[in-house]
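Numbering (the working numbering), first residue to last: 136 to 543.
Each residue gets a CB set at the ideal place from its N, CA and C atoms; glycine is no exception.
So the structure is just underneath, and the comments pick up after that.
Below, the structure written as structure tokens:
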């Protein structure tokens with residue numbers, strides 16, 4: 136993969152921050168957008184905008200074709216069995232809430248179990264807390280190994296015949312490790328549970344095949360994979376989605392409406408009430424085109440090289456603690472520097488033109504498991520380089536110097 140050629144597609148990267156060339160290392164929070172995605176959204180608004188599934192005029196037909204075409208692209212990208220297994224949402228959070236509110240609350244009861252892990256993003260934790268409270272089900276946690284990985288033996292011990300839902304992130308947004316989702320899915324199914332996958336941090340970085348994984352639900356966000364903000368998708372097996380009730384009601388999701396009763400459209404439309412996120416879907420479709428042009432395997436290999444390089448380079452700095460496994464990770468390094476607060480680390484790096492994340496990363500239970508209040512996080516994507524990792528290392532050495540620590 137020609138990284139310099141890839142970088143030319145991203146206009147935002149070609150600027151200076153505080154007098155330094157921008158080094159953007161916060162893609163796990165939100166990736167940057169290639170020109171093709173920006174142009175696709177602009178072109179839609181300039182030439183094709185109208186509401187979908189309603190008007191029979193030309194613009195309405197164009198908009199509907201673009202919207203449904205994007206659904207087909209997402210289905211193909213994930214290897215879903217059919218486009219109707221793809222529901223457009225505002226993002227991963229909305230998608231996971233849909234499953235927790237519609238599916239889990241209808242099947243769970245007192246004595247049942249919902250199983251997750253302590254590494255989950257709040258978006259894949261709080262919805263299950265609420266579902267458990269609403270149904271009387273018990274919320275259980277698969278314990279983590281000392282390096283933050285998941286042992287399949289622990290999964291076997293935690294998931295039981297009483298488990299109705301297992302919900303696990305494919306890739307931790309803090310630890311960076313890739314979880315054995317296919318094997319966890321198999322264990323869930325052997326116990327009669329459905330498998331829900333938080334794919335926010337996996338979909339941008341590696342090839343995903345939901346049929347091979349055999350998961351029942353899979354959630355993603357467009358803005359983390361070169362697409363616009365405010366658009367995401369939920370994949371669900373047709374048999375499950377068809378028996379789920381919508382949680383938002385109004386126009387477009389109905390079949391018939393009487394004064395006292397209403398009926399719903401077939402999937403996926405029963406879950407897409409109101410005017411959908413049309414421009415976002417168009418942008419997401421363009422992002423998928425861009426990623427597939429580069430090649431997901433190429434992106435995966437590039438990130439693995441960067442992650443290994445960054446792990447080795449940061450490991451040479453005295454006082455730096457890196458969290459998560461060294462092997463089998465995506466391009467994401469979470470760390471702390473001596474007793475310097477992560478916000479201070481981020482501030483000094485920003486003065487050098489380097490953008491990283493600092494805080495609890497919407498993973499407060501995981502922070503407590505790590506015995507810290509917050510961490511710094513550098514996350515890489517297809518447009519990052521080893522030279523930018525070197526800039527990060529130099530910036531961390533300057534941070535230590537600024538706060539009076541010996542350089543090492």
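Q) Does DSSP put residue 502 in a helix, in a strand, or in coil? A) Here residue 502 corresponds to residue number 367 of the chain shown, with the count starting at 1. If DSSP states are grouped into helix, strand and coil, residue 502 belongs with the helices.
(Q) According to DSSP, simplified to helix, strand and coil, what is residue 542? (A) What you label residue 542 is simply residue 407 of the chain shown in a count that begins at 1. With a pLDDT of 49 at residue 542, under the threshold of 50, the predicted position of this residue should be treated as unreliable, though the coordinate-derived value follows. Note: residue 542 maps to coil in three-state DSSP.
(Q) Closest to residue 369 by C-alpha separation, out of 524, 334, 285, would be which residue? (A) Residue 369 sits at position 234 when you count from the first residue of the chain shown. Out of 524, 334, 285, 334 has the C-alpha closest to the C-alpha of residue 369.
Q) Are the beta-carbon atoms belonging to residue 441 and residue 205 less than 9 Å from one another? A) Taking the first residue of the chain shown as 1, we reach residue 441 at position 306. Taking the first residue of the chain shown as 1, we reach residue 205 at position 70. Cβ distance not < 9 Å, so residue 441 and residue 205 don't count as in contact.
(Q) Using the Cβ count rule (16 or more neighbours within 10 Å means buried), how would you classify residue 305? (A) Indexing the chain shown from 1 puts residue 305 at position 170. So residue 305 ends up on the buried side.
**Q.** Same chain, Cβ closer than 7 Å to residue 505, neighbours up to 5 away in sequence not counted
**A.** Within the chain shown, the letter at position 370 stands for residue 505. Excluding sequence neighbours, residue 505 sits near 458.
**Q.** Those residues which DSSP pairs with residue 512 across a bridge
**A.** Translated into positions along the chain shown, residue 512 becomes position 377. In the DSSP output, where bridge partners are listed per residue, residue 512 has 469, 492.
**Q.** DSSP three-state assignment for residue 225, whether helix, strand or coil
**A.** Walking along the chain shown from the start, residue 225 turns up at place 90. Residue 225: coil per DSSP, three-state reduction.
Q: Compute the Euclidean distance between the alpha carbons of residue 338 and residue 511, then round it to the nearest angstrom.
A: Counting from 1 along the chain shown, the entry for residue 338 is found at position 203. Counting from 1 along the chain shown, the entry for residue 511 is found at position 376. If you take the alpha carbons of residue 338 and residue 511, they lie about 23 Å apart.
Q) Where do the ends of the beta strand (DSSP E) carrying residue 377 lie? A) Sequence index remark: in the chain shown, residue 377 carries index 242 (1-based). Taken as a continuous stretch (DSSP letters only), residue 377 belongs to no beta strand (DSSP E), as it is neither H nor E.
Q) Using DSSP with H/G/I as helix, E/B as strand and the rest coil, what is residue 404? A) Translated into positions along the chain shown, residue 404 becomes position 269. If DSSP states are grouped into helix, strand and coil, residue 404 belongs with the helices.
**Q.** Rounded C-alpha distance that separates residue 462 from residue 340
**A.** Sequence index remark: in the chain shown, residue 462 carries index 327 (1-based). Sequence index remark: in the chain shown, residue 340 carries index 205 (1-based). C-alpha separation (whole angstroms): 16 Å.
Q) Contact between the segment 290-309 and the segment 259-279: three or more CB pairs below 8 Å? A) yes
Q.
If you reduce the DSSP assignment to three classes, tell me which class residue 168 lands in.
A. Taking the chain shown and counting its residues from 1, one reaches residue 168 at position 33. Coil at residue 168, not helix or strand.
Q. Could you check where the alpha helix (DSSP H) with residue 200 kicks off and where it finishes?
A. Walking along the chain shown from the start, residue 200 turns up at place 65. Looking at the DSSP string, the run of the alpha helix (DSSP H) that includes residue 200 is 193-213.
(Q) Suppose only complete runs of 4+ residues qualify. What are the alpha helix (DSSP H) ranges in the segment 220-286, listed by chain order? (A) 227-233, 261-270
Q: Could you please give me the residues that DSSP links to residue 156 through a beta bridge?
A: Against the chain shown, residue 156 aligns to sequence position 21. DSSP lists 151 as partners of residue 156.
**Q.** residue 498 versus residue 483 - alpha carbon distance
**A.** As a working mapping, residue 498 is identified with position 363 in the chain shown. As a working mapping, residue 483 is identified with position 348 in the chain shown. If you take the alpha carbons of residue 498 and residue 483, they lie about 24 Å apart.
Q) Does DSSP classify residue 384 as helix, strand or coil? A) Counting from one through the chain shown, the residue named residue 384 turns up at place 249. Reduced to three states, the DSSP call for residue 384 is coil.
Q: Check residue 457 in the structure and name its three-state DSSP category.
A: Position 322 of the chain shown, counted from the first residue, corresponds to residue 457. Three-state result, residue 457: strand.
Q.
Rounded to whole angstroms, what is the Cα-Cα separation between residue 187 and residue 290?
A. Start at 1 with the first residue of the chain shown, and residue 187 comes out as number 52. Start at 1 with the first residue of the chain shown, and residue 290 comes out as number 155. Distance between the alpha carbons of residue 187 and residue 290: 44 Å.
Q | First and last residue of the uninterrupted beta strand (DSSP E) at residue 306 | A | The residue you call residue 306 lines up with position 171 of the chain shown. Counting along the chain, residue 306 falls outside any beta strand (DSSP E), and DSSP gives it neither H nor E.
**Q.** Contact belief for residue 213 with residue 249 at Cβ below 8 Å, rounded distance in angstroms
**A.** Walking along the chain shown from the start, residue 213 turns up at place 78. Walking along the chain shown from the start, residue 249 turns up at place 114. Not confirmed; about 24 Å, so no contact.
(Q) Whole angstroms are fine: how far does the CA of residue 398 sit from the CA of residue 524? (A) The residue you call residue 524 lines up with position 389 of the chain shown. The residue you call residue 398 lines up with position 263 of the chain shown. Cα to Cα, the separation comes out at about 55 Å.
Q | Given residue 502 as reference, the closest of 253, 173, 191 once Cα atoms are compared | A | The residue labelled residue 502 in the question sits at position 367 within the chain shown. Closest by alpha carbon: 253.
Q.
Along the chain, where does the alpha helix (DSSP H) containing residue 444 start, and where does it finish?
A. Locating residue 444 in the chain shown gives position 309, counting from the first residue. Start and end: 431-450.
Q) Any idea which residues DSSP pairs residue 389 with across the strands? A) Walking along the chain shown from the start, residue 389 turns up at place 254. Looking at the DSSP assignment, residue 389 forms a beta bridge with 399.
Q) Where does the unbroken beta strand (DSSP E) through residue 530 begin, and where does it stop? A) Taking the chain shown and counting its residues from 1, the one referred to as residue 530 is at position 395. From DSSP, residue 530 is part of no beta strand (DSSP E) but of the alpha helix (DSSP H) over 521-537.
Q. Is the segment 373-384 touching the segment 353-365 in the sense that three or more CB pairs, one from each, lie closer than 8 Å?
A. no
Q | Continuous beta strand (DSSP E) stretch holding residue 329: start and end | A | Translated into the one-based positions of the chain shown, residue 329 becomes position 194. Counting along the chain, the beta strand (DSSP E) containing residue 329 begins and ends at 329-333.
Q: Give the single residue among 494, 364, 310, 513 whose Cα lies nearest to the Cα of residue 226.
A: If you number the chain shown from 1, residue 226 lands on position 91. It is 364 whose Cα lies nearest to the Cα of residue 226.
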